[in-house]
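Engineer:
Protein chains: 2
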Amino acid sequence: MFEIKAKDNMGRVGVLKTKHGNVKTPALMPVIHPRKQAIDVGKYGAEIVITNAYLIYKDEELKQKAIDEGLHKLINFDGPVMTDSGSFQLSVYGDVEITNSEVIEFQELIKTDIGTSLDIPTAPFVDRQKAEDDLQITLNRAKEAVEFKKENGIEMLLNSVVQGSTFPDLREKCARELSKLDADLYPIGAVVPLMESYHYKDLVDVVMNSVRELSDSVPRHLMGAGHPMIFALCVAMGCDLFDSAAYILYAEDDRLLTTRGTYKLENLQEMPCSCEVCTRYTPDDLRAMPKKQRRDLIAQHNLHVSFAELRLIRQAIYEGSLMELVEERCRAHPALLDAVRQLGSYSQDLERYDPRSKKSAFFYTGPESLTRPEVLRHLQKLREMPKKRDLIVLPPTKKPYSKFISGKLGEFYSYGEEHEIDLENSDFMVLDVPFGLIPLEIDEVYPLSQSAAPKIRDVDAIEFLEDFVMEFSEYYDQVLIHSRITNDLDLGLYNKCIDSPDIRYTKDDTRKIKAIADYQFGVGAGEALFSGNINIEKSKKTGKIRHIYDGKVLLVNMRASDAFLVLSKEGAKRLHNRMDYPKNRVVVNKDSEPFALDGKSVFCKFVVDCDDSIRSNDEVLIVNEEDELLAYGKALLGACEIKELQTGQAIKTRKGMGK
Amino acid sequence: MFEIKAKDNMGRVGVLKTKHGNVKTPALMPVIHPRKQAIDVGKYGAEIVITNAYLIYKDEELKQKAIDEGLHKLINFDGPVMTDSGSFQLSVYGDVEITNSEVIEFQELIKTDIGTSLDIPTAPFVDRQKAEDDLQITLNRAKEAVEFKKENGIEMLLNSVVQGSTFPDLREKCARELSKLDADLYPIGAVVPLMESYHYKDLVDVVMNSVRELSDSVPRHLMGAGHPMIFALCVAMGCDLFDSAAYILYAEDDRLLTTRGTYKLENLQEMPCSCEVCTRYTPDDLRAMPKKQRRDLIAQHNLHVSFAELRLIRQAIYEGSLMELVEERCRAHPALLDAVRQLGSYSQDLERYDPRSKKSAFFYTGPESLTRPEVLRHLQKLREMPKKRDLIVLPPTKKPYSKFISGKLGEFYSYGEEHEIDLENSDFMVLDVPFGLIPLEIDEVYPLSQSAAPKIRDVDAIEFLEDFVMEFSEYYDQVLIHSRITNDLDLGLYNKCIDSPDIRYTKDDTRKIKAIADYQFGVGAGEALFSGNINIEKSKKTGKIRHIYDGKVLLVNMRASDAFLVLSKEGAKRLHNRMDYPKNRVVVNKDSEPFALDGKSVFCKFVVDCDDSIRSNDEVLIVNEEDELLAYGKALLGACEIKELQTGQAIKTRKGMGK
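If you're matching them up, the sequences are chains A and B in order. The first sequence begins at 488 in our numbering and counts up by one. The second sequence begins at 488 in our numbering and counts up by one.
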């Protein structure tokens, strides 16, 4: 029903399958008015639309036509159609003339692709008792709807709406309870007032606490979200569907949507985008037009902008630059910047979903970037890595640093216990934004070299560096810090200048490949993989390590783009033999053993367990329940998704051990 | 020849007048290849183009055709055409077969609208001697060209190119020398290598040091700048014209320009914008096309994106949100963020040009926003304002703060000399990002209320608040700081908690209007304007002050949008009588006296002097050389522009004293 095709952060490009065709997500469902629709939204990029079943139900003529000819004919759209249930009317008028099961039945009758139960949209910032009471009704009705669907052989897909007002724990509870039901999609409801009042920070709390408990295998729909300004942010939080009448409501009111906010036509001297409408007409042209013509053109612009933004978001997911897009979009309003800063407090959640390697580089766009999952992940890894006795901290050069660091390294200040420096028993690390300390051995690994930050640093970045170097110094007996750093940062450490020390960094390929293996596969992987007569082959052109052998037996290839080690059969065997279960493992069930042995890719539904630390793009071992090595390959999803999803590939197998 | 229509920061919307029509600036001049042009760039928004006179000169056939039929016919474009002189070829091949006067003569002969002298494009980062030697030749040739033009009655407009490599002082010197000549446009040359290598920070130094010395009345052309990613930044530094072959060169290479950077077609799964090309085709469609068709479509996309960005920039200038756009665009790459941070060091330069009031609110988008001219200007004003004995510092509320602050104000910490607080002898200020301290009396004045910042603060913002409150405390005997602030900030001041003090803010309209007058017109203006039987009339709907009278005589109106005081005739007289020359004055010459008296607007060329502190949108007094009041009105430009420009309006007169 829903398949994830690509992912970045918590955002995903997916395919939602319905009776009336497939929908590429993230998608916007324009709201179609069943009686007075003027715009053919399909022409502007809509693959799915939403309309209101309750409004049709309440209107005798529409109702009859919908029953006789079907909903798709009624609204003249032959792709998938979602219907809402009247909850919105309930929230506005306090009452609706339909029951939960009636509305489910009616939606099925008119051949809705995706129908909705009659939830209670609880407004933000209500008192807790009201939120709890409403939530109970919403949960009961969701349950009732799912049961009704099963009992009556209803075919349409079913929405179960997450409510809970602005109480994070209630949203979480609702999402958790709904996840136990067999619903097909999860809308997140009653967020429109938050968006209308620019409470984007609260929106982040609502969405993140909902999504955290929702199954990864089901699409999430942010109800009523239709402003392209917030699409990227909401996709990064895991939302797959948006719906909105904004395109036409704003147009009625002479307002133009853009990713930078809304423009009133009366304030425009120039048209704000590159769409057909903006290139063909001037604001004066539009102002001089009859109302209806103007409205239709503005609605077209609004749709063009919205669908272009969704394309750009999907592109960003494919290339791994979604957060860069989010961090750019949030400059449209300080309340959106607040939202992104708030999102930073969910870094642990985001980290579980964020791919380990991406096609595009990590760009530092401001203090917000310091809270990104890539940073958190590196610091955690670094804390786990084995340490030498002393630490030598160098200022950044061009990247990869190890290529540009040579000779006598200059003047240093010494901290901690004073003793003769033993270069062999010292870790060499570069101090830089945003990854703090980067060991020279692993500096080519994504994203440590595949990143850029401005040279003029903000104070958050400076404090981040100071704090991290102070924290990390605790691991070492003595720390030598290059004078260019001590001149620059305020390090509250005891310090003593060392007179012209002969400190040099000696490249050691064996040390390097072992460190990369430890960083990538966990501590011990370097020793596990690289024993015997190690033979390192480099690219003649770039000088980069390409293949690593034991004698003539290939152990791993090193990928040029991200310096990841890609296992060979022998490499996989060694890693499997010498690293304990469940490290780097994906466990498949008995039935799929032969397929795995044969090198076939692994689908989520055959996975029975996996190492929690697996992230998408990791190189992994495929084993059976007895931990026998069946194959090895690349994870397409993170551990939590692999465990949860029932459709789609989990691992792209490189080779089966049977081959 | 060039007229400024609207401005924001150092950016301006202008009109460049040529024989072949007017051009709205900022404008992009697509490079037209005289022999193999495939795209009709006019169709995609180009109002002016550029081609290379030297290439035409060197090609017998083209040369003859250009001489016989004119350049416009040759390249099939009937709008204004600029030509380059062969300097680029000179920089690449080291020599050209034409002299400076020959190339000027040839350009005139083929009826170029804007021709260029043969300057020496000195590359960035060369040694100083080379830069100086080259510069001397460039300056000599510019002088020679201007003289040649005068002597030979040449009609075409003339470019004099600013060179000087990456030496700020040489750029400054070159610009200063060129400004003494009668050139019609100032290109800033040899910056392409900086842009190609992402040295945007150095580009800022080059452009800012050039523009600082260039006449404001002449358009500036950033030569070879054609990537829409940097247009907003360069416009904010005062560039009016861009030129580039990027649209077609990138298209040849299957690369798509966007404001977020460049996309290679091979990496695209989705089309990145809302233009016709992006909505009609998929990346797969394009990849499947014959090379030429694909190239033309990508070039069209590139032009659509570029011209849309220029429209958006002009719109941003009209509404006063140019820096918000720049700060958003700079997230496209950390090197651009560096550039914006570097631009912050030119805040004093920018301040002289930045309008005092804008239609749109000030948005804090990150630490960069703290260096914006609006912040600098407020802090300077605040330091000049008269102070009471004690200072009471309050935490922010919704805006305008004074509307939401009432009753007993809570717990305070006391700093400095301890004594009984006299509320009448205390300044009440709110501490907030980005304006530091905001006196409650003036909090409605633009941009103090018309601004927004995220609630989650970055460390730059926190340190800014800490530093400013510490600095400002020096002006007072005792400072009381609200406990919500002291809990939040690390203020290195001696502190003592005051037990439940009865501190209340009492609104006082007279105090308020005097403070606003002092803030707007300078210290003393409040006393100057508001003496006698002061009578304050408020809006029944909003409760805001609208009119202020002495008895029944109107003194000022207070504008609702920015709380600026707009003078009446009596107000103007009082301000003139009681504030010394040259405060708030614009001095016009004898000839224009009758026009001013009659209420006609003041043109730049009639201004003989003005108060250096005048900024656009200031309310000003118009006087003659004997400082007799002739009229009053609104400045459309800043003092430096009013003094320098020879065309266009300087002051929109509200009323002449003769009327």
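Note that beta-carbon positions come from the ideal geometry of N, C-alpha and C, so glycine has one too.
Please report the distance separating the alpha-carbon of Gln829(A) from that of Lys1087(B).
Structural biologist: When rounded, the distance between both Cα atoms is 54 Å.
Engineer: For Phe575(B) and Gly711(B), I'd like the C-alpha separation in whole angstroms.
Structural biologist: When rounded, the distance between both Cα atoms is 10 Å.
Engineer: Show which residues of chain A have a CB atom less than 7 Å away from the CB atom of Ser761(B).
Structural biologist: Under the 7 Å cutoff, chain A gives Cys760, Ser761, Cys762, His791, Val792, Ala795.
Engineer: Based on the DSSP secondary-structure assignment, which residues constitute the bridge partners of Arg707(A)?
Structural biologist: Partner(s): Tyr673(A).
Engineer: Please name the residue in Phe951(B), Pro941(B), Lys942(B), Ala940(B) whose C-alpha comes closest to that of Asp945(A).
Structural biologist: Of the listed residues, the one whose Cα sits closest to Asp945(A) is Phe951(B).
Engineer: Is it buried or exposed for Asp527(A), if we count other Cβ within 10 angstroms and need 16 for buried?
Structural biologist: It is exposed - the Cβ of Asp527(A) has fewer than 16 other Cβ atoms within 10 Å.
Engineer: Expressed to the nearest angstrom, what Euclidean distance is found between the alpha-carbon atoms of Asn1020(B) and Lys1056(B)?
Structural biologist: Straight-line Cα distance between these residues: approximately 17 Å.
Engineer: Going by C-alpha to C-alpha distance, which of Thr570(B), Ala822(B), Leu863(B) sits closest to Pro941(A)?
Structural biologist: The candidate whose alpha carbon is nearest that of Pro941(A) is Ala822(B).
Engineer: For Asp1067(B), count the other beta carbons within 10 Å of its own beta carbon; 16 or more makes it buried, fewer makes it exposed. Which is it?
Structural biologist: Exposed, because fewer than 16 other Cβ atoms sit within 10 Å of the Cβ of Asp1067(B).
Engineer: Does Asp835(B) have its Cβ less than 8 Å from a Cβ in chain A?
Structural biologist: According to the sequence provided, residue 835(B) is Gln. The question's Asp does not apply to it. Cβ-Cβ to chain A under 8 Å: no for Gln835(B).
Engineer: Would you say Phe1082(A) reaches chain B, if we count a Cβ-Cβ gap shorter than 8 Å as a contact?
Structural biologist: Closer than 8 Å: no.
Engineer: Terminal residues of the continuous alpha helix (DSSP H) containing Gln576(B)?
Structural biologist: Its alpha helix (DSSP H) spans residues 574-580.
Engineer: If you drop the 5 nearest sequence neighbours on each side, which residues of the same chain put their C-beta closer than 6 Å to that of Thr603(A)?
Structural biologist: The residues are Asp571, Ser572, Asn646.
Engineer: Starting from the N-terminal side, write out each stretch of the alpha helix (DSSP H) that is 4 residues or longer and does not extend beyond the segment 740-826 of chain B.
Structural biologist: The segment 740-826 of chain B contains these whole alpha helix (DSSP H) runs: 763-767, 770-775, 778-806, 809-816.
Engineer: List the residues of chain A that Leu799(B) touches, going by C-beta distances under 9 Å, in chain order.
Structural biologist: Those are Thr745, Arg747, Glu757, Met758, Pro759, Cys760, listed as they occur along chain A.
Engineer: Indicate whether at least one CB of chain B lies closer than 8 Å to the CB of Gly713(A).
Structural biologist: No, because no Cβ of chain B sits closer than 8 Å to the Cβ of Gly713(A).
Engineer: Is there a C-beta anywhere in chain A that falls below 8 Å from the one on Arg818(B)?
Structural biologist: Yes, because at least one Cβ of chain A sits closer than 8 Å to the Cβ of Arg818(B).
Engineer: Cβ atoms of Glu861(B) and Phe850(B): under 8 Å apart, would you say?
Structural biologist: Contact flag unset, no.
Engineer: Which residues, in order along the segment 945-959 of chain A, keep a beta-carbon less than 7 Å from a beta-carbon of chain D?
Structural biologist: Judged by its chain identifiers, the structure shown contains no chain D, and its protein chains are A and B.
Engineer: Under the three-state reduction of DSSP, which class applies to Asn1104(B): helix, strand or coil?
Structural biologist: DSSP places Asn1104(B) in coil when its eight states are reduced to three.
Engineer: Take Lys846(B) as the anchor and find which of Glu739(B), Leu709(B), Phe794(B), Ser936(B) has the nearest alpha-carbon.
Structural biologist: Ranking the options by Cα distance to Lys846(B), first place goes to Ser936(B).
Engineer: At 8 Å on the CB atoms, spell out the chain A contacts of Ile1101(B), in chain order.
Structural biologist: Those within 8 Å of Ile1101(B) in chain A number zero; the least Cβ separation is about 25 Å.
Engineer: How many angstroms separate the CA atom of Val966(A) from the CA atom of Arg798(B)?
Structural biologist: In a straight line, the C-alpha of Val966(A) is about 55 Å away from that of Arg798(B).
Engineer: When the Cα of Asp930(A) is compared with those of Gly640(A), Leu668(A), Lys999(A), which residue comes out closest?
Structural biologist: Ranking the options by Cα distance to Asp930(A), first place goes to Lys999(A).
Engineer: Kindly indicate if chain B contains any beta-carbon less than 8 Å away from that of Thr852(A).
Structural biologist: Chain B contact via Cβ: present.
Engineer: Measure the CB-CB distance between Ser960(B) and Gly903(B) and report whether it falls below 8 Å.
Structural biologist: Their beta carbons are under 8 Å apart, which means Ser960(B) touches Gly903(B) by this criterion.
Engineer: If you run the structure through DSSP and keep just helix, strand and coil, what is Pro842(A)?
Structural biologist: If DSSP states are grouped into helix, strand and coil, Pro842(A) belongs with coil.
Engineer: Going along chain B, which residues have a C-beta under 9 Å from Leu622(A)?
Structural biologist: In chain order: nothing, as chain B lies at least about 27 Å away.
Engineer: Looking only at its chain, what residues have a beta carbon closer than 6 Å to the beta carbon of Asp741(B), apart from the 5 residues adjacent to it on each side?
Structural biologist: Excluding residues within five positions, the ones whose Cβ falls inside 6 Å are Leu752.
Engineer: For Cys765(A), return the contacting residues in chain B, with the cut-off set at a CB-CB distance below 7 Å.
Structural biologist: Near Cys765(A) (Cβ distances below 7 Å), the residues of chain B are Ala795.
Engineer: For Arg1149(B) versus Ala1118(B), is the C-beta spacing smaller than 8 Å?
Structural biologist: Because chain B spans 488 through 1146 in this model, residue 1149(B) falls outside it and cannot be assessed.
Engineer: What is the DSSP secondary structure of His906(B), counted as helix, strand or coil?
Structural biologist: Coil.
Engineer: Among His559(B), Glu634(B), Cys765(B), which one has its Cα closest to the Cα of Lys598(B)?
Structural biologist: Among His559(B), Glu634(B), Cys765(B), the Cα nearest to that of Lys598(B) belongs to His559(B).
Engineer: Which partner residues of Lys494(B) appear in the DSSP bridge assignment?
Structural biologist: Arg499(B).
Engineer: Around the Cβ of His791(B), are there at least 16 other Cβ atoms within 10 angstroms (buried) or fewer (exposed)?
Structural biologist: Buried, by the Cβ-count rule.
Engineer: Look at the alpha carbon of Met758(A) and the alpha carbon of Lys492(B), and state the distance between them as a whole number of angstroms.
Structural biologist: Roughly 18 Å separates the two Cα atoms.
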